[in-house]
Amino acid sequence: MQSHSRVPIDIVLQVMDASEETSTSPGGFNMDQRTLCACTLVCREWRAYAQHLLRRRPLLCTTRAISGFAKYLHQSQETGTLHALHFWGCSEVLDLAPATDLFVAPPRSFSSLTALRFSKTRMTFAPKVLRMRLPFFETITVLTLSLCEFDSMRGLFDLVWACRNLSVLDVEFCKLRCAKVTVDLVNRLAMSRKYAHGCERLTSVRWWFAVF
42 MQSHSRVPID
52 IVLQVMDASE
62 ETSTSPGGFN
72 MDQRTLCACT
82 LVCREWRAYA
92 QHLLRRRPLL
102 CTTRAISGFA
112 KYLHQSQETG
122 TLHALHFWGC
132 SEVLDLAPAT
142 DLFVAPPRSF
152 SSLTALRFSK
162 TRMTFAPKVL
172 RMRLPFFETI
182 TVLTLSLCEF
192 DSMRGLFDLV
202 WACRNLSVLD
212 VEFCKLRCAK
222 VTVDLVNRLA
232 MSRKYAHGCE
242 RLTSVRWWFA
252 VF
């Protein structure tokens, strides 16, 4: 009698969902992409759902990945698949200049996008991009900035104010590039948190900053 070791597809899908949920932070990021990538290689049935989860919460670690994902969004006809997006400079500080093409992708691609996280990134996109009231930022309610580098305080708030429906802002150990560190600058950084409340729906703010 031949034994059958095939796992029912319903159980496989539940395991994939559980993998995503248990490895996701409160902001909706950092899911176990290695597990999901491995699932795409098992069989055709597993591949489709694993790819769906990967597209729902992508982790972009290189400028090439950012450019490639922006191209995918411009060409895709799918609607509302993107729920959260994480830019992460895993090996070195990630330059976000190529992200401009992603921000101007067709609105249908990110109609369900609610969470945005930047980790170990250099915020180098043009200020005018953030001041254009782009639909990309319209649905963002959770914004997390960790170990990011800004050229100016205005650059930080251009990003915050672009997310008009923001309810949660988490700024942790970010750096401000400046020519000279003064007591006045440090005091202004300490007081700058209040300007984040320009977002009318903001209910939670965590603020840790550094100067270098």
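Under our numbering, residues 42 to 253 are what the sequence shown spells out, in order. Beta carbons: idealized from backbone N, C-alpha and C, even for Gly.
- The alpha-carbon of T155 is positioned some 22 Å away from that of T165.
- A straight line joining the alpha-carbon of E190 with that of K216 spans about 5 Å.
- C-alpha of G109 to C-alpha of L101: approximately 10 Å in a straight line.
- Where K216 is concerned, the enclosing beta strand (DSSP E) starts and stops at 209 to 217.
- Burial state of T244 is exposed, judged by a 10 Å Cβ sphere holding fewer than 16 other Cβ atoms.
- With a contact defined as Cβ atoms closer than 8 Å, R163 and V134 qualify at about 5 Å.
- In the three-state DSSP reduction, V53 falls in the helix class (H, G or I).
- The three-state secondary structure of E241, taken from DSSP, is coil.
- The distance from the Cβ of E179 to that of R158 is about 17 Å, inconsistent with a contact at the 8 Å cut-off.
- The beta-carbon distance between H127 and S160, rounded to whole angstroms, is 7 Å. This is short enough to meet the 8 Å contact definition.
- In the structure shown, the three-state DSSP call for R163 is strand.
- For the options E119, W87, G130, the alpha carbon positioned closest to that of S152 is the one of E119.
- Between A138 and A111, the beta carbon gap of about 12 Å keeps them out of contact (Cβ cut-off 8 Å).
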